[in-house]
Amino acid sequence: MSSHRCNAFDDICNQNIEKNLRMNSIAEDSDDEYVSEEDVVTPWDVTSKSAKGIDYDKLIVRFGCSKINDDLISRIEALTQRKAHHLLRRGVFFSHRDFNELLNCYEKKQPFFLYTGRGPSSTSLHCGHLIPFIFTKWLQETFNVPLVIQLTDDEKYLWRDISFEDVRRATYENAKDIIACGFDVKKTFMFSDFAFLGQCPQFYQNVVRIQKNVTFNQVKGIFGFGDSDCIGKIAFPAVQAAPCFSSSFPFIFDSNQKVPCLIPCAIDQDPYFRMTRDVAPKMHFPKPSLIFSIFFPALQGAQTKMSASDPNSSIFLTDSPNQIKNKINKYAFSGGGSTIEEHRAKGGNCDVDISFQYLRFFMEDDERLEQIRKDYTRGELLTGHLKKELIEVLQKLVGEHQERRKQITDEMVAEFMKPRRLEI
Ligand code: TRP
Numbered sequence: 001m002s003s004h005r006c007n008a009f010d011d012i013c014n015q016n017i018e019k020n021l022r023m024n025s026i027a028e029d030s031d032d033e034y035v036s037e038e039d040v041v042t043p044w045d046v047t048s049k050s051a052k053g054i055d056y057d058k059l060i061v062r063f064g065c066s067k068i069n070d071d072l073i074s075r076i077e078a079l080t081q082r083k084a085h086h087l088l089r090r091g092v093f094f095s096h097r098d099f100n101e102l103l104n105c106y107e108k109k110q111p112f113f114l115y116t117g118r119g120p121s122s123t124s125l126h127c128g129h130l131i132p133f134i135f136t137k138w139l140q141e142t143f144n145v146p147l148v149i150q151l152t153d154d155e156k157y158l159w160r161d162i163s164f165e166d167v168r169r170a171t172y173e174n175a176k177d178i179i180a181c182g183f184d185v186k187k188t189f190m191f192s193d194f195a196f197l198g199q200c201p202q203f204y205q206n207v208v209r210i211q212k213n214v215t216f217n218q219v220k221g222i223f224g225f226g227d228s229d230c231i232g233k234i235a236f237p238a239v240q241a242a243p244c245f246s247s248s249f250p251f252i253f254d255s256n257q258k259v260p261c262l263i264p265c266a267i268d269q270d271p272y273f274r275m276t277r278d279v280a281p282k283m284h285f286p287k288p289s290l291i292f293s294i295f296f297p298a299l300q301g302a303q304t305k306m307s308a309s310d311p312n313s314s315i316f317l318t319d320s321p322n323q324i325k326n327k328i329n330k331y332a333f334s335g336g337g338s339t340i341e342e343h344r345a346k347g348g349n350c351d352v353d354i355s356f357q358y359l360r361f362f363m364e365d366d367e368r369l370e371q372i373r374k375d376y377t378r379g380e381l382l383t384g385h386l387k388k389e390l391i392e393v394l395q396k397l398v399g400e401h402q403e404r405r406k407q408i409t410d411e412m413v414a415e416f417m418k419p420r421r422l423e424i
């Protein structure tokens, strides 16, 4: 999710963006064209010229998905008898497709399952990569449903200049980080495409059925593929679509071909699932529901790209407490005044201050966060204070992650990746 951005901030495949934008901008009014010129959102690239980052309200209109409103959050809370996760309450997960349908299932005690994934392009994740997994874990616990996690090593091989050996290593290292987020092995199946596609005929059959039902014209329109793209890229979206269908996992769902699926992901992944939702009825399967997050900003500000090749653009899960402190102090973009006097007089801007934005993702204490927001906006707190708070929060988060990750053995990775019955 690029997310958090997972791969969206990785530097790949920029050549199609112009084309993609032309094809993706459905509305013809000038307002929408303005968005298209300003914000680029594809599975391979996310950029905005505004300091506040992407204009998500306009993006929702362009993609045709729905906003998560207070009614939906209240419904989730009422049904689950639990307070909504802070990533939902704070609008990090801000948009959806057919989430209400899933809640209808849950209300009727009908089964559904969760599906998320990651493109393993490098061995070390940054803290933004955790966002979809933290939220997915909460969904799994709250709804008590099976989860499948796809590691698209094939996607990374196709899109990047990376050898099979390097992508294999990245897959293994990423799998450990994902497991360290705390998923329940009894309810979670994780797979690498390279390993699993040859293992499960039903999965590959679904891939090919999807490929049979989507034309080159359609993927051109959705993804902006062109004549000089390799055929692997053109065929790949079917591989990311197949896990949306329960019949791809006969060892989990037996003969139940129609268990609905909910996908938590960053909104740049939507093109894959627009395509999936188009073909689902042709295959007589339910359309997947989605719940989308905003992107995780780079330390330098929401309009710059977070690049896996620039270690200073984010906090990595391998960073030491000192590295965390130094990076935040040195690079976290400040929304404060240029002098203390100016800051005291005019106050700070939480919308662009990266320390505040990171706290919004990671500080669990609502009251404390709100107090910080008020005091900073009024100019009573300086950026240095926000940085100090953030350093504490991230040192703890990263430190605890590293501790949990150390406990993950080869056997545990193998167990998560073994096709087997799940306990639900
Ligand atoms: N394409 C995603 C990436 O590069 C990986 C992915 C596969 C994924 N299936 C997914 C992400 C489902 C979210 C949901 O990161």
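Be aware that the sequence shown starts at 1, since it is given in the UniProt record's numbering, and climbs by one per residue.
We put the beta carbon where it would ideally sit given N, CA and C, even for glycine.
{"Item": "Quick one: is the Cβ of Glu173 within less than 7 Å of any heavy atom of ligand 1?", "Value": "no"}
{"Item": "Can you grab the Cα-Cα spacing for the pair Pro311 / Asn256, in whole Å?", "Value": "45 Å"}
{"Item": "For Asp319, count neighbouring Cβ atoms within 10 angstroms of its own Cβ and tell me buried if that reaches 16, exposed if not.", "Value": "buried"}
{"Item": "Looking at Leu262 and Leu102, is the spacing between their C-beta atoms short of 8 Å?", "Value": "yes"}
{"Item": "Within 7 Å: the Cβ of Gln150 and any heavy atom of ligand 1?", "Value": "yes"}
{"Item": "Is Val413 helix, strand or coil when you go by DSSP?", "Value": "helix"}
{"Item": "Using a 10 Å radius around the Cβ and a threshold of 16 neighbouring Cβ atoms, would you call Gly69 buried or exposed?", "Value": "Per the sequence shown, residue 69 should be read as Asn rather than Gly. Under this definition Asn69 is an exposed residue."}
{"Item": "Just list the alpha helix (DSSP H) runs in the segment 361 to 415, keeping only unbroken ones of 4 residues or longer that don't cross its boundaries, in chain order.", "Value": "366 to 377 and 383 to 406"}
{"Item": "Could you tell me which uninterrupted alpha helix (DSSP H) segments, each at least 4 residues in length, are contained entirely in the segment 134 to 210, listed from first to last along the chain?", "Value": "153 to 159, 164 to 179 and 193 to 196"}
{"Item": "Under a Cβ-count criterion, where at least 16 other Cβ atoms within 10 Å of its own Cβ denotes burial, should Asn322 be classed as buried or exposed?", "Value": "exposed"}
{"Item": "Give the DSSP-derived three-state secondary structure of Cys350 in the structure shown.", "Value": "coil"}
{"Item": "Any heavy atom of ligand 1 closer than 7 Å to the CB of Thr116?", "Value": "yes"}
{"Item": "Can you check which of these residues, Glu380, Ile179 and Asp161, is closest to Arg405 by C-alpha distance?", "Value": "Ile179"}
{"Item": "Spell out the partners DSSP gives Cys127 in its beta bridges.", "Value": "Paired residues: none, contrary to the question."}
{"Item": "Take the Cβ of Asn217 as the centre, count every other Cβ of all protein chains shown within 10 Å, and call the residue buried at 16 or more, exposed below.", "Value": "exposed"}
{"Item": "Got a sec, what are the start and stop residues for the beta strand (DSSP E) Arg75 sits in?", "Value": "Element bounds for Arg75: not the beta strand (DSSP E) but the alpha helix (DSSP H), Asp70 to Thr80."}
{"Item": "Roughly how many whole angstroms lie between the Cα atoms of Ser25 and Pro43?", "Value": "In this predicted model, Ser25 has a pLDDT of only 38, less than 50, meaning its place in the structure is not dependable; the value taken from the coordinates is given anyway. Approximately 15 Å between the Cα atoms of the pair."}
{"Item": "Express the C-alpha separation of Phe189 and Pro419 in angstroms, rounding to a whole number.", "Value": "7 Å"}
{"Item": "Is Ile263 near ligand 1, judged by its Cβ being under 7 Å from some heavy atom?", "Value": "yes"}
{"Item": "Taking only the alpha-carbon atoms, compute the straight-line gap between Gly91 and Ser334 and give it to the nearest angstrom.", "Value": "21 Å"}
{"Item": "Specify whether the segment 210 to 229 and the segment 159 to 173 touch according to this definition: at least 3 beta carbon pairs, one from each stretch, less than 8 Å apart.", "Value": "no"}
{"Item": "How many Å lie between Ser163 and Thr339 at the Cα?", "Value": "50 Å"}
{"Item": "In the DSSP output, what is Gly117 paired with across the bridge?", "Value": "Gln150"}
{"Item": "Exposed or buried, which one is Ala242 when buried takes at least 16 other CB atoms within 10 Å?", "Value": "buried"}
{"Item": "Can you name, in chain order, every residue of its own chain whose Cβ lies under 8 Å from the Cβ of Arg378, other than the five neighbours on each side?", "Value": "Gly347"}
{"Item": "Following a CB-centred definition, is Pro43 positioned closer than 7 Å to any heavy atom of ligand 1?", "Value": "yes"}
{"Item": "In this structure, what does DSSP give as the bridge partners for Cys230?", "Value": "Answer is none; Cys230 lacks a bridge partner."}
{"Item": "Counting Cβ pairs closer than 8 Å, one from the segment 290 to 304 and one from the segment 50 to 69, do we hit at least three?", "Value": "yes"}
{"Item": "Give a single yes or no on whether Glu155 has its beta carbon closer than 7 Å to a heavy atom of ligand 1.", "Value": "yes"}
{"Item": "Looking at ligand 1, does it come within less than 7 Å of Gly232, judged from the CB to the closest heavy atom?", "Value": "no"}
{"Item": "From Gln408 to Ile291, what does the alpha carbon distance come to, in whole angstroms?", "Value": "It should be pointed out that residue 408 corresponds to Ile in this sequence rather than to Gln. The alpha-carbon atoms of Ile408 and Ile291 are separated by roughly 29 Å."}
{"Item": "Going by alpha carbons, who is nearest to Met365 out of Leu72, Arg89, Lys58 and Ser66?", "Value": "Reading the sequence as shown, one finds Asp at residue 365 and not Met. Selected option, being the one with the closest Cα: Arg89."}
{"Item": "Any heavy atom of ligand 1 closer than 7 Å to the Cβ of Gln240?", "Value": "yes"}
{"Item": "Between Thr136, Gly182, Leu87 and Pro146, which has its C-alpha nearest Phe112's C-alpha?", "Value": "Pro146"}
{"Item": "Nearest by alpha-carbon distance to Val239: which of Lys282, Phe191, Asp229 and Asp254 is it?", "Value": "Phe191"}
{"Item": "Between the alpha carbons of Leu125 and Leu151, how many angstroms are there, rounded?", "Value": "14 Å"}
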